[in-house]
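Participant:
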Amino acid sequence: MIYIAVALTVEAKPLITYFKLKKDNEIKKYQVFKNEEITLIIIGSGIMQGAIAVTYVLGNLDIGEEDIFVNLGICGAVKDSFSIGDIILCNKIINNCSKKNFYPDMLFKHKFKEGTLETFFQVVDEKMEKEKIKGEIVDMEGAGVCEAASLFFSQHQINIIKIVSDYLNTSKITAEKVMELVENKINKIADWLVERKKFNVGNKEIFTLKEKESIKKIEKNLRLTESMYYEFLELIKYYKIQNKSIENIILKYSDIKIKDKREGKITFERIRKEIIEF
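Counted from 1, the sequence shown has number 1588 at position 139 by the numbering used here; the numbering is strictly sequential.
1. Reducing DSSP to helix, strand and coil, say where F1717 ends up.
2. Is there contact here, the segment 1521-1529 with the segment 1583-1594, by at least three beta-carbon pairs under 8 angstroms?
3. Alpha carbon to alpha carbon, how far is E1575 from I1724? Give it in angstroms, no decimals.
4. Over the uninterrupted alpha helix (DSSP H) stretch that includes L1507, give me the two end residues.
5. So, for R1672: in the same chain, excluding its five sequence neighbours on each side, which residues have a beta-carbon less than 7 angstroms away from its beta-carbon?
6. Alpha carbon to alpha carbon, what distance is there between K1646 and N1652?
7. Report yes or no: do three or more beta-carbon pairs, one from the segment 1493-1510 and one from the segment 1592-1608, lie closer than 8 angstroms?
8. Using the Cα positions of I1451 and K1483, report the straight-line distance between them to the nearest angstrom.
9. Rounded to whole angstroms, what is the Cα-Cα separation between Q1604 and D1554?
10. Within a Cβ cutoff of 6 angstroms, which residues of the same chain sit near Y1616, ignoring the five residues on either side of it in sequence?
11. If you check the beta carbons only, do I1490 and A1500 fall under 8 angstroms apart?
12. Would you tell me roughly how many angstroms separate the C-alpha atoms of L1600 and Q1606, rounded to the nearest one?
13. Could you check whether S1620 and L1630 sit closer than 8 angstroms to each other, using their CB atoms as the reference points?
14. By alpha-carbon positions, which one of E1696, Q1571, S1530 ends up nearest to E1563?
15. Go ahead and pull the three-state DSSP assignment for I1523.
16. Exposed or buried, which one is T1657 when buried takes at least 16 other CB atoms within 10 Å?
17. How about I1610 and K1583: do their beta carbons lie closer than 8 angstroms?
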């Protein structure tokens, strides 16, 4: 199942139409729309409101290892390095209030731009000093939604996608403009969702016994930390499900022995780049 959380009804309407979603009348407190593959939740605007809504709805559902979670919505761009309508896959999310940072796993190859999202309790407009903003883009839900989703999903299952709607001149944003932005990008997002879901293989066994032994050998030889090993495992899965043989990776790296963790990290980054850019 693909779980999509949006803040606004106007963000949801194009998705409901495109994916032919039907309202789930069993859930009373929030508007939820479904088909066999997608569950869409309208969470409302605000960091706390978003976190509460996601926790309430997901807490009553059976989340699986093969499911993915997506927070989709509009955002303001701090600088003009992004264009109106750009789709941004967030590689870092900052909670402006708590100062907590979240780093979704960016293992899946994509055609979107990447950026840092900072979530605020209040609307960020032209009156705010840009020097006080740490993110490249801003919203009012992402960090709260990300933290709540992490109670039910692993990091590699969580995705935060934003569409640039303005340069903090929020007074010019209308419901019609928001709907138009989502409608114009829905085909690209839908294509990404198909490929992204295909990548999330969950607990399905895809490695042979020999491959698993070689993977463990690489982990030991490169002195990978637990988080690095987990990311390496996801990268290798990604490589293999793209119908690529992992034999070349195994042959290249299974006999490398490093002297310290720093050298291991450098080698790991080399593997990461090689797989993602194949």
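Each residue gets a CB set at the ideal place from its N, CA and C atoms; glycine is no exception.
Facilitator: Short version:
1. helix
2. Segments in contact, yes.
3. 41 angstroms
4. 1496-1507
5. I1707, K1710, G1713
6. The predicted model places N1652 with a pLDDT of 49, which falls under 50 and marks its position as unreliable; any figure quoted below should be read in that light. Those two C-alpha atoms are separated by around 14 angstroms.
7. yes
8. Rounded to whole angstroms, I1451 to K1483 spans 10 angstroms at the Cα level.
9. Near 6 angstroms, if we compare the C-alpha coordinates of D1554 and Q1604.
10. A1526
11. no
12. 12 angstroms
13. no
14. Checked all of E1696, Q1571, S1530; the closest Cα to E1563 is S1530.
15. Of the three classes helix, strand and coil, the one that applies to I1523 here is strand, per DSSP.
16. exposed
17. No, they are not a contact pair.
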